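These notes concern the structure reproduced below.
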Amino acid sequence: MATTTADIKPVLNRLRRAQGQLGAVIAAVENGGSCRDVVIQLAAVSSALDKAGFQIISTAMQKCITDPDDTSDPMTMEELQKLFMTLA
């Protein structure tokens with residue numbers, strides 16, 4: 785996982801945005817919102833979560849490449865690729 789504040793902040797921002805969007809989806813469903821509005825908000829949640837996941841993986845890949853001897857969160861390139869593909 786990202787270890788510096790600079791790495792974590794964008795991920796947390798995306799996750800908070802997704803959390804807010806999910807709240808809007810729930811409220812829309814509870815209040816009988818239109819199908820279109822619910823699906824648009826749901827797509828926004830999905831996109832925000834995907835981007836957060838890609839940011840996490842990108843940071844891990846950069847760390848793996850720039851500091852291959854760091855054993856704090858050991859992952860092989862194959863493991864990182866597999867994680868990346870789970871989001872693709």
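Here my numbering is used: the first residue of the sequence shown is 785, the next is one more, and so on.
Backbone N, C-alpha and C define an ideal beta-carbon position, used for all residues, glycine too.
These numbers come from a predicted model, not from an experiment.
Looking only at its own chain, which residues have a Cβ that is under 8 Å from the Cβ of VAL822, when we skip the five neighbours before and after it?
VAL809, ALA812, VAL813.
Taking only three categories from DSSP, how would you classify THR850?
Looking at THR850 - three-state DSSP - the assignment turns out to be helix.
Specify the secondary structure class of THR870 as computed by DSSP and reduced to three states.
Correct three-state label for THR870: helix.
Ends of the alpha helix (DSSP H) at ASN815?
It is not in any alpha helix (DSSP H) - ASN815 carries neither H nor E in the DSSP assignment.
Can you say whether THR788 is buried or exposed, counting buried as having 16 or more other CB atoms within 10 angstroms of its CB?
By the neighbour-count rule (16 or more Cβ atoms within 10 Å), THR788 is not buried but exposed.
Tell me whether GLN825 is buried or exposed, calling it buried when 16 or more other Cβ atoms sit within 10 Å of its Cβ.
Flag for GLN825 reads buried.
How many angstroms separate the CA atom of ARG801 from the CA atom of GLY837?
Taking the straight line joining both Cα atoms gives about 13 Å.
Return the Cβ separation of GLN805 and ALA790 in integer angstroms, given the expectation that the two are a contact with Cβ distance under 8 Å.
GLN805 to ALA790, Cβ: 24 Å. No contact.
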